[in-house]
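Okay, structure first, notes after.
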């Protein structure tokens with residue numbers, strides 16, 4: 010809880026009327042009072058929650074940045090507060106200065122504040138890879154201020170150094186954020202899905218704890234915080250919660266007219282900043298290949314039929330190491346099944362990927378696999394095993410123009426991703442149904458394009474990784490599964506001349 014100038018003025022007015030004993034009592038109270046106290050309500054709830062990871066905010070003016078500063082100054086010994094860009098740290102510096110009363114102990118060149126035996130570091134990671142500057146530097150409090158502007162991969166990477174050697178010192182992570190205004194920021198909605206995603210099957214109440222654990226490289230929700238054995242490891246689940254806060258929860262801003270400022274914002278900013286509406290108006294990039302509304306409509310159509318149509322195609326995107334996953338997408342007509350995802354360490358070689366792919370195959374479905382780099386080995390094993398497999402090299406030349414016949418493609422990757430856009434286009438009326446997986450939504454909406462003359466170029470995997478900090482593996486697998494290669498049984502029934510005309514991807518095999 011902070012003190013305003015009007016509060017101080019009122020105290021000054023009353024001081025002359027205090028007795029000597031009352032002044033002594035006041036001095037003792039001031040000497041024993043903490044530097045900072047949370048506001049009653051959501052800020053106090055977030056301050057005292059036992060969660061290991063806390064999401065806080067959801068709207069403007071709820072005291073998000075102040076909470077991080079207050080925790081660092083009262084509850085923790087070694088803290089770091091991140092903003093996406095270094096220039097944005099000025100507001101954090103001003104808040105600490107206001108609470109401490111001066112800049113004593115602040116080293117501006119190192120961006121480290123030392124006060125009352127506590128250390129508060131200020132950091133930023135505007136560019137991919139910048140987060141490695143903080144590798145190995147332990148903190149018992151990590152604050153991501155305005156986390157929806159940050160890359161999920163960087164946020165998760167830096168959580169790896171949440172630790173302390175101080176007995177009895179609690180460790181925690183705080184993420185403060187407003188509803189994301191870009192598709193890149195949607196990861197916070199998925200990260201706190203039980204609280205923020207209205208479609209979540211098990212919604213959570215504000216402040217309710219949920220527990221998560223990494224199992225075989227994949228994050229899963231578990232029943233409680235009890236450690237459990239998985240293979241040779243003992244896994245300790247991590248608790249997570251989200252607590253919403255609005256400007257009406259901040260009495261200091263309520264008296265300044267800030268509410269009227271938020272009410273005057275145009276939609277969807279008004280709903281986002283005033284009410285914390287996570288379903289309002291996340292804007293697509295103007296060069297986004299697949300509009301978000303189209304993907305969401307395809308996912309809304311999805312439901313598992315009582316009886317599946319024959320499987321036509323399988324798309325395989327092989328893990329390239331690190332945190333990548335091997336993804337297998339299965340298509341039955343224009344209905345796509347849920348993804349099969351395997352951590353990279355569990356698919357270390359070609360035979361393993363080939364075996365998983367064959368196990369997923371039904372009805373003589375054609376297998377489409379990206380053969381650039383690590384995909385070459387499983388392709389060879391699948392071919393040697395007699396499977397009908399198409400090795401797709403997305404850097405090769407495109408096969409055909411777009412649906413209008415007026416635009417060409419820079420390469421096969423651009424064409425294949427654009428075919429997904431055409432299938433999703435409501436005007437096509439393809440009936441495409443995609444599983445309601447938030448990772449698939451995030452990947453398909455991550456593709457961007459540019460136009461040079463009459464040639465479409467879709468951003469490469471490397472360009473997307475540089476922009477959002479991860480590889481769109483889910484999107485790649487489903488784009489590959491969309492390829493419509495005739496099955497071997499159909500091709501064998503045709504003569505050589507008709508077979509070549511019927512199979513536009515014959516040269517890929």
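Residue numbers (the working numbering): 10 to 518.
Backbone N, C-alpha and C fix where the C-beta goes; we use that ideal spot for every residue, glycine too.
The model shown is predicted, which means the values in this text are computed figures rather than measured ones.
DSSP state of residue i mapped onto helix, strand, coil
i: residue 376; result: strand
i: residue 338; result: strand
i: residue 6; result: One cannot answer for residue 6 here, as it falls past the ends of the chain, which runs 10 to 518.
i: residue 198; result: helix
i: residue 229; result: strand
i: residue 30; result: helix
i: residue 115; result: strand
i: residue 141; result: helix
i: residue 495; result: coil
i: residue 193; result: helix
i: residue 223; result: strand
i: residue 25; result: helix
i: residue 203; result: helix
i: residue 322; result: strand
i: residue 167; result: helix
i: residue 243; result: strand
i: residue 75; result: helix
Residue i burial status per 10 Å Cβ neighbour count (16 or more: buried)
i: residue 55; result: buried
i: residue 243; result: exposed
i: residue 359; result: buried
i: residue 453; result: buried
i: residue 426; result: buried
i: residue 501; result: exposed
i: residue 239; result: exposed
i: residue 214; result: exposed
i: residue 174; result: exposed
i: residue 130; result: buried
i: residue 368; result: exposed
i: residue 236; result: exposed
i: residue 263; result: Bear in mind that a pLDDT of 49 at residue 263, under 50, signals an unreliable position, so the model cannot answer this.
i: residue 440; result: exposed
i: residue 407; result: buried
i: residue 87; result: buried
i: residue 304; result: buried
i: residue 158; result: buried
i: residue 283; result: For residue 283, the predicted structure reports a pLDDT of 48, less than 50, and the residue's modelled location is therefore unreliable. The matter cannot be settled from this model.
Cβ-Cβ distance between residue i and residue j below 9 Å
i: residue 497; j: residue 463; result: no
i: residue 372; j: residue 397; result: no
i: residue 383; j: residue 402; result: no
i: residue 348; j: residue 456; result: no
i: residue 324; j: residue 487; result: yes
i: residue 148; j: residue 89; result: yes
i: residue 98; j: residue 134; result: no
i: residue 376; j: residue 361; result: no
i: residue 191; j: residue 447; result: no
i: residue 485; j: residue 336; result: yes
i: residue 306; j: residue 491; result: no
i: residue 108; j: residue 152; result: no
i: residue 63; j: residue 250; result: yes
i: residue 185; j: residue 155; result: yes
For residue i, the first and last residue of its enclosing beta strand (DSSP E)
i: residue 64; result: 62-66
i: residue 156; result: Element bounds for residue 156: n/a, residue is neither H nor E.
i: residue 184; result: 181-186
i: residue 452; result: Where residue 452 is concerned, there is no enclosing beta strand (DSSP E), although the alpha helix (DSSP H) it sits in stretches over 447-453.
i: residue 237; result: 237-239
i: residue 132; result: 127-133
i: residue 465; result: 464-467
i: residue 123; result: 121-124
i: residue 458; result: 458-461
Boundaries of the alpha helix (DSSP H) in which residue i is found, first to last residue
i: residue 482; result: 482-491
i: residue 431; result: 421-433
i: residue 502; result: Careful: residue 502 lies outside any alpha helix (DSSP H) and carries neither H nor E.
i: residue 476; result: 470-477
i: residue 303; result: 301-309
i: residue 57; result: 51-57
Near the ligand NAD: residue i beta-carbon under 8 Å from a heavy atom
i: residue 484; result: Inclusion of the ligand NAD in the displayed structure is not the case, the ligand content being empty and no account of it being possible.
Closer than 9 Å to chain B by CB, residue i
i: residue 136; result: Absent from the structure: chain B. Only one protein chain is present.
My parser needs the beta strand (DSSP E) runs of 3 or more residues fully inside the stretch 343-419; what are they? 349-352, 375-379 and 398-401
Any beta strand (DSSP E) of 3 or more consecutive residues that is wholly inside the stretch 77-105: 87-92
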